[in-house]
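Engineer:
There are 4 protein chains.
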Amino acid sequence: MSEDDEKMTEKQIRIIDAAVESFAQKGYSATSTSEIAKRAGVAEGTIFRHYKTKKELFLSIVTPVIAKFVAPFVLRDFYQLFEEQYESFPDFLRAVLRNRLTFVMKNGPVIKILLHEIPFHEELRQQFKEQVFPQVAGPIERIIVHFQERGELIDLAPSTLIRLSISVMAGYIITRCYILPDNAWDDEKEVELAVQFIMHGLSPT
Amino acid sequence: MSEDDEKMTEKQIRIIDAAVESFAQKGYSATSTSEIAKRAGVAEGTIFRHYKTKKELFLSIVTPVIAKFVAPFVLRDFYQLFEEQYESFPDFLRAVLRNRLTFVMKNGPVIKILLHEIPFHEELRQQFKEQVFPQVAGPIERIIVHFQERGELIDLAPSTLIRLSISVMAGYIITRCYILPDNAWDDEKEVELAVQFIMHGLSPT
Amino acid sequence: MSEDDEKMTEKQIRIIDAAVESFAQKGYSATSTSEIAKRAGVAEGTIFRHYKTKKELFLSIVTPVIAKFVAPFVLRDFYQLFEEQYESFPDFLRAVLRNRLTFVMKNGPVIKILLHEIPFHEELRQQFKEQVFPQVAGPIERIIVHFQERGELIDLAPSTLIRLSISVMAGYIITRCYILPDNAWDDEKEVELAVQFIMHGLSPT
Amino acid sequence: MSEDDEKMTEKQIRIIDAAVESFAQKGYSATSTSEIAKRAGVAEGTIFRHYKTKKELFLSIVTPVIAKFVAPFVLRDFYQLFEEQYESFPDFLRAVLRNRLTFVMKNGPVIKILLHEIPFHEELRQQFKEQVFPQVAGPIERIIVHFQERGELIDLAPSTLIRLSISVMAGYIITRCYILPDNAWDDEKEVELAVQFIMHGLSPT
DNA sequence: AATGAATGAGCCTTCATTCAT
DNA sequence: GATGAATGAAGGCTCATTCAT
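Residue numbers (the numbering used here), protein chains in the order written: chain A, 1 to 205; chain B, 206 to 410; chain C, 411 to 615; chain D, 616 to 820.
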């Protein structure tokens with residue numbers, strides 16, 4: 001696991017891994033640096049050689065996944081890409097849901113940490129407001145409008161359509177990864193089901 | 206706010222209120238008892254006269270809302286009640302969503318605390334497993350089946366229908382109360398919209 | 411047990427009894443007033459209505475037994491009394507040992523407390539120096555000299571004879587009452603044995 | 616003073632010394648860790664780097680002298696040693712008394728602490744029951760029996776003879792070291808006196 | 001006389017962080 | 001780079017004591 005190592009020493013990696021485990025298990029402020037050190041098998045001081053403070057260690061774990069989360073949306077011509085690649089809105093939904101699902105499954109614990117700590121760390125909320133919202137919302141909105149113009153979507157405020165779609169997708173991802181991760185999920189089937197639901201609701205025919 | 210006061214002294218109420226504020230703002234373990242005391246305008250010792258430990262104080266705040274959350278579902282003949290009262294599934298959804306929305310709006314900060322701390326406190330998870338799941342899931346499932354038999358709902362596993370419906374409703378409640386509480390929401394309209402979405406999805410016609 | 415009640419209220423007696431138990435079990439400073447209150451079945455405040463401080467409560471328990479301990483020796487004409495009453499030194503020893511033994515058995519726990527706390531409370535040490543030593547040592551010394559003059563005792567410094575005699579007697583009392591109180595002691599026999607030992611040692615004639 | 620230093624840091628030694636002083640002066644539970652730290656000239660946290668708890672610090676001081684106390688008796692062939700080395704019981708007594716006296720004089724304050732705290736710490740009582748009694752009583756009893764068989768001692772239960780002898784010796788040691796340490800004691804003379812007393816009592820000729 | 005809520009000082013312990021080695 | 005002893009501030013909690021009722 002750990003972070004994209006680049007020039008990390010082996011101890012540094014062990015520290016990060018230990019920190020992720022601990023933060024995910026007990027939360028940021030209930031985790032002590034000495035506990036991280038112990039779990040990583042390094043001396044207490046070693047942590048502070050690499051990260052000036054506990055918070056810096058925390059941010060170094062959590063910040064990259066915000067960036068990674070945003071990355072796919074900020075590709076130049078993201079909009080165009082989708083326009084060409086996906087013939088219909090359901091295709092688009094399917095792609096996004098699959099993509100997000102793998103993302104969460106790859107970065108599970110860190111995302112858990114992130115979700116839990118966002119309300120308590122101004123820096124994180126800031127990053128969200130500055131990066132995630134504008135970078136992600138814009139492109140998606142354009143896509144929504146695009147499909148609305150093609151008559152594939154009902155005529156509601158794009159933000160509303162986004163919220164509804166995200167609710168359903170997030171609902172699945174959270175149930176699947178955090179609430180009942182031990183169930184035997186058939187992701188393909190469930191993705192399809194979620195997409196169908198978003199498109200047609202629960203009424204028969 | 207505070208808890209149903211009953212025989213609480215005035216200081217006790219101030220302690221609870223201060224604790225709710227602090228826990229909601231910084232999380233359980235980042236909140237110190239001295240901070241709570243200061244905010245409540247009491248001596249630190251006073252807290253421990255009423256609650257043996259910090260955790261007991263915490264649970265005394267959070268446990269009652271779990272009970273309150275479950276309460277409406279455990280009314281005897283809950284199932285029958287709905288069967289008679291609500292002619293159609295949309296009616297039922299509307300009622301539930303409105304009800305939960307008021308519940309969250311009344312107990313906002315405590316629910317925020319609860320949501321955040323559940324993963325870190327075995328006792329809470331226990332209570333959820335023992336009370337919420339069995340007491341709530343059963344009755345709802347019967348209702349779902351009832352409407353399926355009347356042909357108003359597609360033929361999927363009730364648990365799936367529940368998950369999808371909850372996703373949409375929770376999506377609204379969370380956005381409405383926690384993410385963008387400052388928007389000028391028209392609850393009636395949004396409830397209607399959510400219900401329509403659950404029933405018919407996003408396809409036009 | 412409790413102290414000679416005089417005008418003590420029932421609660422006061424319960425407080426004293428509880429305090430004696432607690433002090434004997436855990437020592438003065440490891441015992442909390444709240445614990446005493448609980449054990450006595452009174453409110454915390456009640457203790458302080460009768461005794462201004464914890465220490466005053468403590469002294470009110472421990473001081474009287476110092477007085478009681480000294481009492482038999484300060485009877486006027488104590489010396490004369492013994493001279494007339496006891497024909498020989500062994501008679502005297504027997505009387506003293508029996509007397510002290512009953513004294514300890516009657517005031518067991520308080521004496522235990524006293525012994526333990528003497529080194530830590532200047533007031534107590536003071537009382538000892540002022541009352542016990544002078545009042546007790548003088549009379550006894552006169553008796554020793556008396557028997558030495560009658561040729562019943564070897565010619566050593568009276569203080570040494572006292573020390574040796576006390577060692578043996580205290581050795582029995584302590585073993586009997588504190589170290590092995592559960593043994594089936596035959597006090598009469600043991601008293602005799604101690605007296606014989608003091609007089610003739612361990613050599614077989 | 617301090618404990619056999621081995622690999623102790625200088626600060627650790629200062630902590631132990633300070634703790635011994637404090638415990639001896641005020642007793643275990645009346646001594647605060649902050650006081651020990653102050654006396655040792657260390658930060659309070661430093662104490663807990665070396666000893667997990669106050670109690671562990673306490674035991675690390677007191678446990679070794681129990682071991683040291685027992686040590687001389689558990690030499691292999693202790694019994695035989697004495698049989699050969701000491702021609703008579705008085706020789707044996709003299710040796711033991713001298714030995715114990717030096718032991719107490721070397722470990723004065725710690726023994727004081729030990730004596731005071733034994734009744735309040737289950738762990739210590741345990742150690743006594745497990746180590747001191749069996750290891751010490753057995754060998755001594757064999758020696759007593761040996762001298763009884765040689766006709767040098769009266770025919771009483773060995774445990775009684777032990778108790779009487781110990782009373783006299785302990786009486787001297789305690790008076791000498793704790794009650795009147797400032798007297799000008801002539802140890803050689805007093806040891807001889809105690810031995811003579813044990814053997815022949817107080818009767819002239 | 002008795003209560004028990006309230007207090008704030010002080011307790012033992014843990015924390016994040018520093019720094020000499 | 002890595003260590004771990006050392007720190008002092010702060011943490012949760014208990015204490016003896018006070019006081020309005």
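Backbone N, C-alpha and C define an ideal beta-carbon position, used for all residues, glycine too. Quick caveat, the model's predicted, so the values are computed rather than measured.
At the level of alpha carbons, what is the spacing between D:Lys804 and D:Val810?
Structural biologist: 10 Å
Engineer: Do B:Val275 and B:Gln230 count as a contact pair if the criterion is CB distance below 8 Å?
Structural biologist: no
Engineer: Going along the chain, which residues of its own chain have a beta-carbon closer than 8 Å to the beta-carbon of A:Gln135, five neighbours each way excluded?
Structural biologist: Val70, Phe73 and Val74
Engineer: Under 8 Å between beta-carbons, which chain D residues line up against C:Gly518? List them in chain order, please.
Structural biologist: Near C:Gly518 there are no residues of chain D at all, since even the closest Cβ is about 13 Å away, more than 8 Å.
Engineer: Should C:Ser358 be labelled buried (16 or more other beta-carbon atoms within 10 Å of its own) or exposed?
Structural biologist: Residue coverage of chain C in this structure runs from 411 to 615, which leaves residue 358 of chain C outside it and unanswerable.
Engineer: So is D:Arg715 in contact with chain C if we call contact Cβ pairs under 8 Å?
Structural biologist: no
Engineer: Could you pull out every unbroken alpha helix (DSSP H) segment of at least 4 residues lying fully inside the segment 232-271 of chain B, listed in chain order?
Structural biologist: Counting whole runs of 4 or more residues, the segment 232-271 of chain B contains the alpha helix (DSSP H) stretches 238-245 and 249-255.
Engineer: Counting only C-beta atoms, is D:Ala633 closer than 8 Å to chain C at any point?
Structural biologist: no
Engineer: Using a Cβ-Cβ distance cut-off of 8 Å, determine whether B:Arg355 contacts chain A.
Structural biologist: no
Engineer: Kindly list, in the order they appear in chain D, the residues whose Cβ is closer than 7 Å to that of C:Val578.
Structural biologist: Result: Leu779, Ser782 and Val783.
Engineer: Kindly indicate if chain A contains any beta-carbon less than 8 Å away from that of B:His255.
Structural biologist: no
Engineer: If you run the structure through DSSP and keep just helix, strand and coil, what is A:His200?
Structural biologist: helix
Engineer: Go to B:Ala342, then tell me how far its alpha helix (DSSP H) extends in each direction, as first and last residue.
Structural biologist: Phe338 to Glu354
Engineer: Quick one, are the C-beta atoms of D:Phe644 and C:His610 less than 8 Å apart?
Structural biologist: Before going on, a small fix: residue 644 of chain D reads as Ser here, not Phe. No, Cβ-Cβ distance for D:Ser644 and C:His610 is not below 8 Å.
Engineer: Could you check where the alpha helix (DSSP H) with C:Ser569 kicks off and where it finishes?
Structural biologist: Pro568 to Ile584
Engineer: Under a Cβ-count criterion, where at least 16 other Cβ atoms within 10 Å of its own Cβ denotes burial, should C:Leu563 be classed as buried or exposed?
Structural biologist: buried
Engineer: What would DSSP say about C:Pro591, mapped onto helix, strand or coil?
Structural biologist: coil
Engineer: On the three-state DSSP scale, how would you describe B:Asn312?
Structural biologist: coil
Engineer: Mapping the DSSP letters down to three states, classify B:Leu280 as helix, strand or coil.
Structural biologist: coil
Engineer: Count the other CB atoms, across all protein chains shown, that sit within 10 Å of the CB of C:Phe499; report buried if there are 16 or more and exposed otherwise.
Structural biologist: buried
Engineer: Determine the direct distance from the alpha carbon of B:Ile266 to that of B:Arg219, and round the result to whole angstroms.
Structural biologist: CA-CA distance, B:Arg219 to B:Ile266, rounds to 13 Å.
Engineer: List, in chain order, every chain D residue whose beta-carbon is nearer than 8 Å to that of C:Phe538.
Structural biologist: Within 8 Å Cβ-Cβ: nothing; C:Phe538 doesn't reach chain D, min ~10 Å.
Engineer: Is the CB of D:Asp801 under 8 Å away from at least one CB in chain C?
Structural biologist: False, the Cβ-Cβ gap to chain C never drops below 8 Å.
Engineer: By DSSP, does A:Glu3 sit in helix, in strand, or in coil?
Structural biologist: A caution first: A:Glu3 carries a pLDDT of 47, below 50, which makes its placement in the model unreliable, though a value can still be read off. Coil.
Engineer: Going by CA-CA distance only, name the one from B:Val247, B:Asn312 and B:Leu302 that's closest to B:Pro269.
Structural biologist: B:Asn312
Engineer: Near C:Glu551, what residues of its chain come up, given a Cβ to Cβ distance below 8 Å and the 5 sequence neighbours on each side ignored?
Structural biologist: Residues of the same chain with a CB within less than 8 Å of the CB of C:Glu551, apart from the 5 flanking positions on each side, are Pro568, Ser569 and Ile572 in chain order.
Engineer: In this structure, how does DSSP classify C:Asp512 when only helix, strand and coil are distinguished?
Structural biologist: The sequence as given places Thr at residue 512 of chain C; Asp does not occur at that position. Three-state DSSP puts C:Thr512 in a helix.
Engineer: Given A:Gly27, which residues of its chain have a CB within under 7 Å of its CB, disregarding the five upstream and five downstream residues?
Structural biologist: His116
Engineer: Can you check which of these residues, C:Asn509, C:Leu534, C:Asp501 and C:Glu602, is closest to C:Phe468 by C-alpha distance?
Structural biologist: Per the Cα distances, C:Leu534.
Engineer: Would D:Ser647 pass as an interface residue toward chain C - the criterion being a Cβ-Cβ separation below 8 Å?
Structural biologist: no
Engineer: What would DSSP say about B:His321, mapped onto helix, strand or coil?
Structural biologist: helix
Engineer: Rounded to whole angstroms, what's the CA-CA distance from B:Ile196 to C:Phe458? Just pull it up for me.
Structural biologist: No statement about residue 196 of chain B is possible, as the shown extent of chain B runs from 206 to 410 and does not include it.
Engineer: Considering just the uninterrupted stretch of the alpha helix (DSSP H) at D:Glu745, what are its terminal residues?
Structural biologist: No alpha helix (DSSP H) holds D:Glu745; DSSP gives it neither H nor E.
Engineer: In three-state terms, what does DSSP make of D:Glu767?
Structural biologist: coil
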